[in-house]
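The structure under discussion appears below in the form of structure tokens.
There are 2 protein chains.
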Amino acid sequence: MLTLGVDVGGTSAKAGLVDADGTLLATRVAPTPRTAPELDETVAGLVDHLVGEARADGREVAGVGLAVAGFVDRDRRSVSFGAHLPWRDEPVVERMSQRLGLPVTLEHDANAAGLAEHRVGAAAGARVAVLIALGTGVGAALLVEGTVFRGAFGVAPELGHLVLVPDGRPCPCGKRGCFERYCSGTALGTGADELVAVGEDFSTLRATWERGLPLTGRDVAHAAAGGDGLALRVVADFAGWLGRGLSLVADVFDPDVVVIGGEVSASAPPFLDAAVRTYRAESPGGGHRRLAQVRPAVLGGDAGLIGAALDARERCASRP
Amino acid sequence: MLTLGVDVGGTSAKAGLVDADGTLLATRVAPTPRTAPELDETVAGLVDHLVGEARADGREVAGVGLAVAGFVDRDRRSVSFGAHLPWRDEPVVERMSQRLGLPVTLEHDANAAGLAEHRVGAAAGARVAVLIALGTGVGAALLVEGTVFRGAFGVAPELGHLVLVPDGRPCPCGKRGCFERYCSGTALGTGADELVAVGEDFSTLRATWERGLPLTGRDVAHAAAGGDGLALRVVADFAGWLGRGLSLVADVFDPDVVVIGGEVSASAPPFLDAAVRTYRAESPGGGHRRLAQVRPAVLGGDAGLIGAALDARERCASRP
Chain G
1087 MLTLGVDVGG TSAKAGLVDA DGTLLATRVA PTPRTAPELD ETVAGLVDHL
1137 VGEARADGRE VAGVGLAVAG FVDRDRRSVS FGAHLPWRDE PVVERMSQRL
1187 GLPVTLEHDA NAAGLAEHRV GAAAGARVAV LIALGTGVGA ALLVEGTVFR
1237 GAFGVAPELG HLVLVPDGRP CPCGKRGCFE RYCSGTALGT GADELVAVGE
1287 DFSTLRATWE RGLPLTGRDV AHAAAGGDGL ALRVVADFAG WLGRGLSLVA
1337 DVFDPDVVVI GGEVSASAPP FLDAAVRTYR AESPGGGHRR LAQVRPAVLG
1387 GDAGLIGAAL DARERCASRP
Chain V
1087 MLTLGVDVGG TSAKAGLVDA DGTLLATRVA PTPRTAPELD ETVAGLVDHL
1137 VGEARADGRE VAGVGLAVAG FVDRDRRSVS FGAHLPWRDE PVVERMSQRL
1187 GLPVTLEHDA NAAGLAEHRV GAAAGARVAV LIALGTGVGA ALLVEGTVFR
1237 GAFGVAPELG HLVLVPDGRP CPCGKRGCFE RYCSGTALGT GADELVAVGE
1287 DFSTLRATWE RGLPLTGRDV AHAAAGGDGL ALRVVADFAG WLGRGLSLVA
1337 DVFDPDVVVI GGEVSASAPP FLDAAVRTYR AESPGGGHRR LAQVRPAVLG
1387 GDAGLIGAAL DARERCASRP
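First to last, the protein sequences are chains G and V. Everything in the first sequence is counted per my numbering, starting at 1087 for the first residue and increasing by one. Everything in the second sequence is counted per my numbering, starting at 1087 for the first residue and increasing by one.
Structure (structure tokens):
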């Protein structure tokens, strides 16, 4: 028996057939359209296609899990809002399950990724697991004894907009000094922009900057991998902020495992060791306190859809 | 049937007889001694006395709950460390239950206070409740669906040493800019010291300061109540930091109720409204997000022992 996960992001929707071990057997991608009816259509098309593939192999699909880049209500039946999604207060579970003729479950994408890393990834066996997903912004998930913690109103844990620097870098959220302005793919670019503008070091990033293009996290990661001194400074700064973020996460959630995921984590090893050093230095308490293991994610960009599929499997199985 | 709670603090131990509604029927206090055997003796003396009082009234004591100002191991049988307690890695539950001939339970004091406020106080009925106890430092507790969350290693949630101001006020913990350096009774005194030293305003606090005495939170609260302009500025600053702390708590835990307790909360109304205004301003998300209710604690300084007694009641009752 298989289940299907669909990661519905702002740019594209990616569906995958997943088995009980979390192995991804087949995938299919489509761009995310601009209206809700079109998005329903796109998701249904992806699902129908993969259900057809499964049947051609003689296997049945028992349920569909949706992971969305947006707010999910607390009973996980509707999507209230996603900045880059056309769904607004949409009863997605009811509508899609009627349309597909299959049980449908819904989860926030970071929660789905956290669930996947807990079930079949880097947080396997953790009692209290935190996923920090570093991409354009910062996503996060908390799993306590394997269960996703979602808070009273379904928005916990939100780490990206914690103010770590009073009167710091302005954030589109309206505040200043938010964590994700210092520790995300976007922050890598911002940090490089700031240093190049000051013009202290020669850097391979200067040419891009002089063409008036904003530097991206990818530019910086690439330059750092090539040994560019300025890019390495930016990455070191980023690692310091990640270490402070880890220290905060340890204080508030006291996890045994923290998984660093998201696009930026693909280049995790170069910065993760430095971040963990800062984390240890910022977490006093000596012999009276145990610290969390910090590990790079192992499921990469497919964590959300694998988690959605595993969520659908668990919740379908638990039905009477 | 009654239970007994004992709040074992660094200065004194206070015991109380508590009924099923959380009502405190009788109390007894003793100074906290310096050695572990003496502390055992002190606690046993308090308990024996109150058990005798209960029996004189024809009532039985079914169990004893201890609330301690220190780290409790995850299975809550021993106290590993408390900065102001002589117990060090002591198997308190086993030893005291043998000595008293009664079931004994153990809890961190902030968790006990949070439990009391949830069962019979300001957080009654909350799905996700956070207690923030403002005293010499900052204590905190998180209750999810009524159950105390303690993290993987038993230290969550620790809010006092979150770094809110990089390179800010030095903290005895070794870091700088910790939350409790800006938002605690101690911080009220520090804030007044800083402003008096600058000498901008005339203040009734100046006389104390000129005698070389450190200003206390109590001094500041008293001066603010008397309309002292400088003290009011300090309280306003404190309220701003509390508001930022509330915003952080809302992001990480997404509670429906936050209770502000601890000694400082006795003067809560003057600063709580201002703190809540900052909290709302610092929590963007518009109509898509519900915010927690922020309420002053109702059980005052007895919350810890009432919570310990209720904890003993619940855990004794749940035994086979």
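Backbone N, C-alpha and C define an ideal beta-carbon position, used for all residues, glycine too. Since this is a predicted model, take the numbers as computed values, not measurements.
Between the alpha carbons of P1406(V) and V1092(V), how many angstroms are there, rounded?
Confidence at P1406(V) is low in this model, with a pLDDT of 46, below 50, so its placement is unreliable and the value that follows should be read with caution. Taking the straight line from one Cα to the other gives about 25 angstroms.
Spell out a yes or no on whether the segment 1128-1144 of chain G and the segment 1153-1169 of chain G are touching, meaning 3 or more CB-CB pairs, one atom from each, closer than 8 angstroms.
The answer is no - the segment 1153-1169 of chain G does not touch the segment 1128-1144 of chain G, with fewer than three Cβ pairs under 8 angstroms.
Quick one, which of C1259(V), L1301(V), E1266(V) and G1271(V) has its alpha-carbon nearest A1283(V)'s?
It is L1301(V).
Quick check on DSSP: helix, strand or coil for R1255(G)?
Coil at R1255(G), not helix or strand.
For G1144(V) and L1088(V), what's the separation of their Cα atoms in angstroms?
Cα to Cα, the separation comes out at about 11 angstroms.
Which residue wins for smallest C-alpha separation from V1380(V), given the options L1186(V), G1095(V), A1208(V) and K1100(V)?
When each option's Cα is compared against that of V1380(V), the closest is A1208(V).
So which of R1366(G), I1392(G), V1350(G) and A1142(G) has the shortest CA-CA distance to G1225(G)?
When each option's Cα is compared against that of G1225(G), the closest is V1350(G).
Is the Cβ of D1337(G) closer than 7 angstroms to any Cβ of chain V?
Answer yes: the Cβ-Cβ gap between D1337(G) and chain V drops below 7 angstroms somewhere.
Establish whether the CB of D1340(G) and some CB of chain V are separated by less than 7 angstroms.
Yes, its Cβ sits closer than 7 angstroms to a Cβ of chain V.
Are the C-beta of L1248(V) and some C-beta of chain G separated by less than 7 angstroms?
By this cut-off, L1248(V) is an interface position.
Residues in the segment 1221-1245 of chain G with C-beta within 8 angstroms of chain V's C-beta atoms, listed in sequence order?
Within the segment 1221-1245 of chain G, the residues whose Cβ lies closer than 8 angstroms to some Cβ of chain V are V1230, F1235, R1236, G1237, A1238, F1239, G1240, V1241, A1242, P1243, E1244 and L1245, listed in chain order.
Which of the three DSSP states is assigned to G1237(V) in this structure?
In this structure, G1237(V) counts as coil in the three-state DSSP scheme.
Select from the segment 1258-1290 of chain G all residues with a C-beta closer than 8 angstroms to any C-beta belonging to chain V, and list them in chain order.
Result list: C1259, G1260 and K1261.
Have a look at L1385(G) and I1346(V) and give me their C-alpha separation to the nearest angstrom.
Taking the straight line joining both Cα atoms gives about 41 angstroms.
How would you write the range of the alpha helix (DSSP H) that H1135(V) sits in, first residue to last?
Counting along the chain, the alpha helix (DSSP H) containing H1135(V) begins and ends at A1122 to A1142.
So what's H1194(G) in DSSP terms, helix, strand or just coil?
Looking at H1194(G) - three-state DSSP - the assignment turns out to be strand.
Cutting at 7 angstroms between CB atoms, please list the residues of its own chain near E1176(G), excluding the five before and the five after it.
So the list reads A1122, S1164 and V1165, once near-sequence residues are dropped.
Quick check on this structure: which residue in G1232(V), R1213(V) and R1160(V) has the alpha carbon closest to the alpha carbon of A1238(V)?
Comparing Cα-Cα distances from A1238(V) to each of G1232(V), R1213(V) and R1160(V), the minimum goes to R1160(V).
Assign A1219(G) to one of three DSSP states: helix, strand, or coil.
DSSP places A1219(G) in strand when its eight states are reduced to three.
If D1397(G) and E1180(G) are in contact, beta carbons under 8 angstroms, what's the gap, nearest whole angstrom?
Contact flag wrong, Cβ pair sits at about 17 angstroms.
Note down, one range per segment and in chain order, each beta strand (DSSP E) of at least 3 residues found wholly within the segment 1310-1375 of chain V.
With a minimum length of 3 residues, the continuous beta strand (DSSP E) runs that stay inside the segment 1310-1375 of chain V are 1343-1347.
Which residue marks the beginning of the beta strand (DSSP E) containing T1113(V), and which one marks its end?
Per DSSP, T1113(V) belongs to the beta strand (DSSP E) from L1110 to P1117.
So the beta strand (DSSP E) S1183(G) belongs to, where does it begin and stop?
It is not in any beta strand (DSSP E) - S1183(G) instead sits in the alpha helix (DSSP H) that spans V1178 to L1186.
Got a sec: is the Cβ-Cβ distance from D1332(G) to anything in chain V below 7 angstroms?
Inspection of the sequence shows that residue 1332(G) is occupied by Leu rather than by Asp. It does not: the Cβ of L1332(G) has no partner Cβ on chain V nearer than 7 angstroms.
Output the distance between the C-alpha atoms of A1322(V) and T1294(V), rounded to the nearest integer angstrom.
About 21 angstroms.
R1376(G) touches chain V at which residues, Cβ-Cβ below 7 angstroms?
Chain V residues near R1376(G): F1239.
Just the chain V side, please: which residues come within less than 8 angstroms of E1368(G) by C-beta, in chain order?
The contacting residues are V1249 and K1261.
For the beta strand (DSSP E) containing A1227(G), list its first residue and its last residue.
Counting along the chain, the beta strand (DSSP E) containing A1227(G) begins and ends at V1224 to V1230.
Nearest to P1172(G) by CA position, among E1127(G), P1382(G) and G1221(G), is which residue?
When each option's Cα is compared against that of P1172(G), the closest is E1127(G).
Determine the chain G residues that contact V1214(V) at a beta-carbon separation under 7 angstroms, and present them in chain order.
Neighbours of V1214(V) on chain G, chain order: G1237 and A1238.
Of all Cβ atoms in chain G, is any one closer than 7 angstroms to the Cβ of P1406(V)?
Residue placement at P1406(V) is poorly supported in this model, since its pLDDT is 46, which falls under 50; the coordinates are not used for a value here.
Would you say L1281(V) and F1265(V) are within 7 angstroms of each other, going by their C-beta atoms?
Cβ distance not < 7 angstroms, so L1281(V) and F1265(V) don't count as in contact.
For G1168(V), name the three-state secondary structure that DSSP assigns.
G1168(V): coil per DSSP, three-state reduction.
Could you check whether the Cβ of E1124(G) sits closer than 7 angstroms to any Cβ belonging to chain A?
The chain labelled as chain A is not found among the protein chains of the depicted structure, namely G and V.
May I ask you to report which of helix, strand or coil DSSP gives F1157(V)?
F1157(V): strand per DSSP, three-state reduction.
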